[in-house]
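Asks: Quick one: the structure is below, questions incoming.
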Amino acid sequence: MINSVKNVLRIQAAMSCNRFLFWLKKLPLIRRLFPDSLYGAVNAKQRLMAAVEVLKVLSYFAGKFLYLFLCCYAPLVLLADEMTPAGNWPMFVSMLFFMSFFVGCLLQSGILTASLVKYTCVRQMGMSARACLAATTGRDHLQMLITFTPALMVFSWVLGRGPWAGLLLSLELAAARAIGELLHVLLYLKTEKLPGKNAWFIIVLVMGGLAGAYIPVFAGAALPLDRFLLNPAVCIALVGCGAWAAMWLLRYPHYRELVWKTCKAENVSTSAAKQNAAQAAFKDVQMKDSDLTAEDAGSRIRSLKGYEYLNALFFRRHRRLLVKPVKYELMGVGAVFLAGLAGALLSPELTRSLVEQLPAFLPTFVFIMYFMCNTLGQRICKAMFYNCDISFLRYGWYRERKVVLHNFAIRLRRVAGLNLLVAGAICVALAAPVLLTGAALPPLELAAFLLSILCLSVFFTVHPLFMYYVFQPYTSQLAVKNPFFSVINWVVYMVCVLCLQIKQPPHYFVLIVLAATVVYSAAALLVVWRRAPKTFRVK
Numbered sequence: 006m007i008n009s010v011k012n013v014l015r016i017q018a019a020m021s022c023n024r025f026l027f028w029l030k031k032l033p034l035i036r037r038l039f040p041d042s043l044y045g046a047v048n049a050k051q052r053l054m055a056a057v058e059v060l061k062v063l064s065y066f067a068g069k070f071l072y073l074f075l076c077c078y079a080p081l082v083l084l085a086d087e088m089t090p091a092g093n094w095p096m097f098v099s100m101l102f103f104m105s106f107f108v109g110c111l112l113q114s115g116i117l118t119a120s121l122v123k124y125t126c127v128r129q130m131g132m133s134a135r136a137c138l139a140a141t142t143g144r145d146h147l148q149m150l151i152t153f154t155p156a157l158m159v160f161s162w163v164l165g166r167g168p169w170a171g172l173l174l175s176l177e178l179a180a181a182r183a184i185g186e187l188l189h190v191l192l193y194l195k196t197e198k199l200p201g202k203n204a205w206f207i208i209v210l211v212m213g214g215l216a217g218a219y220i221p222v223f224a225g226a227a228l229p230l231d232r233f234l235l236n237p238a239v240c241i242a243l244v245g246c247g248a249w250a251a252m253w254l255l256r257y258p259h260y261r262e263l264v265w266k267t268c269k270a271e272n273v274s275t276s277a278a279k280q281n282a283a284q285a286a287f288k289d290v291q292m293k294d295s296d297l298t299a300e301d302a303g304s305r306i307r308s309l310k311g312y313e314y315l316n317a318l319f320f321r322r323h324r325r326l327l328v329k330p331v332k333y334e335l336m337g338v339g340a341v342f343l344a345g346l347a348g349a350l351l352s353p354e355l356t357r358s359l360v361e362q363l364p365a366f367l368p369t370f371v372f373i374m375y376f377m378c379n380t381l382g383q384r385i386c387k388a389m390f391y392n393c394d395i396s397f398l399r400y401g402w403y404r405e406r407k408v409v410l411h412n413f414a415i416r417l418r419r420v421a422g423l424n425l426l427v428a429g430a431i432c433v434a435l436a437a438p439v440l441l442t443g444a445a446l447p448p449l450e451l452a453a454f455l456l457s458i459l460c461l462s463v464f465f466t467v468h469p470l471f472m473y474y475v476f477q478p479y480t481s482q483l484a485v486k487n488p489f490f491s492v493i494n495w496v497v498y499m500v501c502v503l504c505l506q507i508k509q510p511p512h513y514f515v516l517i518v519l520a521a522t523v524v525y526s527a528a529a530l531l532v533v534w535r536r537a538p539k540t541f542r543v544k
């Protein structure tokens, strides 16, 4: 058994080394130092394998510190009203519980997840399945325990609870992971289903975990999970259950059949994985046969000519993909409108006090408009590329300056119309309770607030189209390989998230929103006018 585990570890290390060597050969300045003959140089590869293993261990330690900082500690700094150790320790443990104990332990099973190492060792080389799983899944769990422990001890010390609290949480987390593995295995033995491959299971689990982790932080009242998890009786019970689950998994006799059922060639093939990823990327923009007959309805479209006709036909054929989300957004806004009317009739005093605070919620509406308008813009751009531009850009006449700019202007108007429709509905839904309750909100202040919402819809209309035309980030497989595109989108997203931290925005925040919309839109249009004819190409 021990020798089999060692052999699996050697094979796993060799595969990691080969991947590392493959990527080193991609670097333009040093790839000549790593010839193909190095794949067969045993002594040199062994030294490189040792270096790779050291780098992996160091990355595991650094990764756990980074994970706890970004997912649990940074939200305290950004969202909590007072950064005090005594007040934020319960929030830290609450976020850790939902993100790691809940989502992390139930999302995937290491035993049932297909991998190239399992396929190679068990199915191709006939090695012991138990030894293979001990060297892969067992090693992963042991590494998680070893690397999580110092990170949790440090953060528990920083938050004023001492390192022993972090050690106990790490032991409990290891036990919870063993229990999660057992639950997955028992469920598969009973139903032969893998929850980790079900999209709805993943969505519900992740969304539930995020809600449980961060809603209490926004509300400023964490669940008392720290007292629960650090209770001696709970610690003993959880660690004991985890030890029992680990013993059951170690003694299970039918791992070979389990690996043969769950680890097949199509699950580990690189080409199959790329094909599945491409199909997932195309799913949002693929058309149905019924969409192709959409031009038959609408005499106005048939009266258009040239690129006006081309784009009108595009938006007509994509009504199901593009207009349907707008309908859902309008339905949500309509529900808010009805709730406001009901509040104005049933509880006018409470509704009046709420609507008088509307300007204070403008930073929140920055994120809401980003979520609604920017998401729609990105989806439209992806559909434009996949169903239109990827074919036409192969012709020189379609890449001419006047054609590129003319199409950009037409599309900007169409997308702005959709986003302004949603923004206008939001303005009506928010203004109606103000007028019905006679809230003491100055008309000029209300008008500035509503104008800011309209400006935000324009901002998040210009932004995705500007990014699409200037960087054109998509490959023929809809993969994004332009780093500037990703970085700028991430910066815009972080600015919107940081706006959520503004509790009482100053009166000139409205002016900031208006100025940012005007300046950014003008700059973006200028860059598109100068650069888009050169950069709008198929990558």
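Its first residue numbered 6, the sequence shown is counted upward by one per residue in the numbering used here.
By construction, the Cβ of each residue, glycine as well, lies at the ideal position given by its N, Cα and C atoms.
1. Since ALA537 and VAL475 are thought to touch, with beta carbons under 8 angstroms apart, how far apart are those beta carbons, to the nearest angstrom?
2. I think SER161 touches PRO155, with their Cβ atoms under 8 angstroms apart; what is that distance to the nearest whole Å?
3. Short check: CB of PHE454 to CB of LEU367, under 8 angstroms?
4. Would you please state the rounded distance, in angstroms, between the beta carbons of VAL338 and ALA434? I believe it to be under 8 angstroms.
5. Quick one: residues in its chain with C-beta nearer than 6 angstroms to the C-beta of PHE320, no 5 flanking neighbours on either side, listed in chain order?
6. In chain order, what are the residue ranges of uninterrupted alpha helix (DSSP H) at least 4 long that sit wholly in the segment 217-270?
7. According to the neighbour-count rule (16 or more other Cβ atoms, all chains shown, within 10 Å of its Cβ), is TYR400 buried or exposed?
8. Can you list, in chain order, the residues of its chain with a C-beta nearer than 6 angstroms to that of GLY115? Leave out the 5 residues immediately preceding and following it.
9. According to the Cβ coordinates, are SER457 and LEU519 closer than 8 angstroms?
10. For TYR479, which residues does DSSP report across the bridge?
11. Out of PHE107, LEU26, ASN487, GLN506, state which residue places its alpha-carbon closest to the alpha-carbon of ALA183.
12. State the CB to CB distance for the pair LEU335 and ALA437, rounded to an integer number of angstroms; the pair is presumed to be in contact (CB under 8 angstroms).
13. Would you kindly check if the distance between the Cβ of LEU470 and the Cβ of PHE397 is under 8 angstroms?
14. Could you tell me the alpha carbon to alpha carbon distance between GLN51 and LEU254, rounded to whole angstroms?
15. Within the same chain, show all residues whose beta-carbon is closer than 7 angstroms to that of GLN383, passing over the 5 residues directly before and after it, in chain order.
16. Compute the Euclidean distance between the alpha carbons of ASP231 and TYR219, then round it to the nearest angstrom.
17. Roughly how many angstroms lie between the CA atoms of ALA248 and CYS501, to the nearest whole one?
18. Which residue comes first and which comes last in the alpha helix (DSSP H) that contains ALA527?
19. Just tell me which of THR480, LEU410, ASN424 has its CA closest to the CA of VAL532.
20. Here's the rule: buried if 16 or more other CB atoms are within 10 angstroms of the residue's CB, otherwise exposed. What is TYR260?
21. Could you give the DSSP three-state label for TYR3: helix, strand or coil?
22. Buried or exposed, going by whether 16 or more other CB atoms sit within 10 Å of the CB of VAL57?
23. What is the rounded straight-line gap between the Cα of ALA277 and the Cα of PRO229?
24. Could you check if PHE153 is buried or exposed, using at least 16 other CB atoms within 10 Å of its CB as the buried criterion?
25. So, is LYS279 buried or exposed, given that buried needs 16 or more other C-beta atoms within 10 angstroms?
26. So for LYS407, helix, strand or coil by DSSP?
27. Judging by CA-CA distance, which residue of LEU117, TRP205, ARG256, SER21 is the nearest neighbour of TYR193?
28. Smallest Cα separation from ALA365: which of PRO353, CYS378, LEU14, GLN506?
29. How far does the alpha helix (DSSP H) with LYS387 in it extend, from its first residue to its last?
30. If you follow the alpha helix (DSSP H) that PRO40 is part of, which residue opens it and which one closes it?
31. If I measure Cβ to Cβ from MET88 and keep anything under 8 angstroms in the same chain, skipping five residues before and after, which residues do I get?
32. Express the C-alpha separation of LYS266 and LYS198 in angstroms, rounding to a whole number.
33. Considering TYR312, what are the terminal residues of the alpha helix (DSSP H) in which it resides?
34. Return the chain-ordered list of same chain residues with a C-beta closer than 6 angstroms to the C-beta of ALA181, the five sequence neighbours on each side being excluded.
Replies: Taking the coordinates as given:
1. Taking a contact as a CB-CB distance under 8 angstroms, the pair ALA537 and VAL475 counts as one, their CB atoms being some 6 angstroms apart.
2. Wrong, their Cβ atoms sit about 11 angstroms apart, outside the cutoff.
3. A contact, by the Cβ cut-off of 8 angstroms.
4. About 5 angstroms separates the beta carbons of VAL338 and ALA434, which is inside the 8 angstroms limit, making them a contact pair.
5. Hits under 6 angstroms: ARG419.
6. DSSP runs (the alpha helix (DSSP H)) wholly in the segment 217-270: 230-234, 237-256, 260-267.
7. Within a 10 Å sphere around the beta-carbon of TYR400 sit fewer than 16 other beta-carbons, which makes this residue exposed.
8. The beta carbon of GLY115 is closer than 6 angstroms to those of THR142, ASP145 in its chain, skipping five residues each way along the sequence.
9. Taking 8 angstroms as the Cβ cut-off, SER457 and LEU519 qualify as a contacting pair.
10. TYR479 has VAL485 as its beta-bridge partners, per DSSP.
11. Closest by C-alpha distance to ALA183, out of PHE107, LEU26, ASN487, GLN506, is PHE107.
12. Rounded, the Cβ-Cβ distance is 15 angstroms, inconsistent with contact.
13. Not closer than 8 angstroms, so no.
14. CA-CA distance, GLN51 to LEU254, rounds to 32 angstroms.
15. In chain order, PRO469 place their CB closer than 7 angstroms to the CB of GLN383, counting only its own chain and leaving out the 5 sequence neighbours on each side.
16. Between ASP231 and TYR219, the alpha-carbon positions lie close to 16 angstroms from each other.
17. CYS501 has its alpha-carbon roughly 45 angstroms from the corresponding atom of ALA248.
18. From DSSP, the alpha helix (DSSP H) with ALA527 extends over 514-540.
19. For the residues THR480, LEU410, ASN424, the minimum Cα distance to VAL532 belongs to LEU410.
20. So TYR260 ends up on the buried side.
21. Look at the range of the chain in this structure, 6 to 544, and you will see that residue 3 is not part of it.
22. Result: buried.
23. For ALA277, the predicted model reports a pLDDT of 48, less than 50, meaning its position is unreliable and no value from the coordinates is stated.
24. It is buried - the Cβ of PHE153 has at least 16 other Cβ atoms within 10 Å.
25. Confidence at LYS279 is low in this model, with a pLDDT of 49, below 50, so the placement of that residue is unreliable and no value is reported for it.
26. Residue state, collapsed to three classes: helix.
27. Per the Cα distances, LEU117.
28. Nearest option by C-alpha distance: GLN506.
29. Unbroken alpha helix (DSSP H) run through LYS387: 380-389.
30. Element bounds for PRO40: n/a, residue is neither H nor E.
31. In this prediction, MET88 has a pLDDT of 49, which is less than 50 and means its spatial position is unreliable; what the coordinates show is noted afterwards. LEU81, VAL82.
32. Spanning the two alpha carbons is a distance of roughly 11 angstroms.
33. Here the alpha helix (DSSP H) through TYR312 covers 311-322.
34. So the list reads PHE106, CYS110, once near-sequence residues are dropped.
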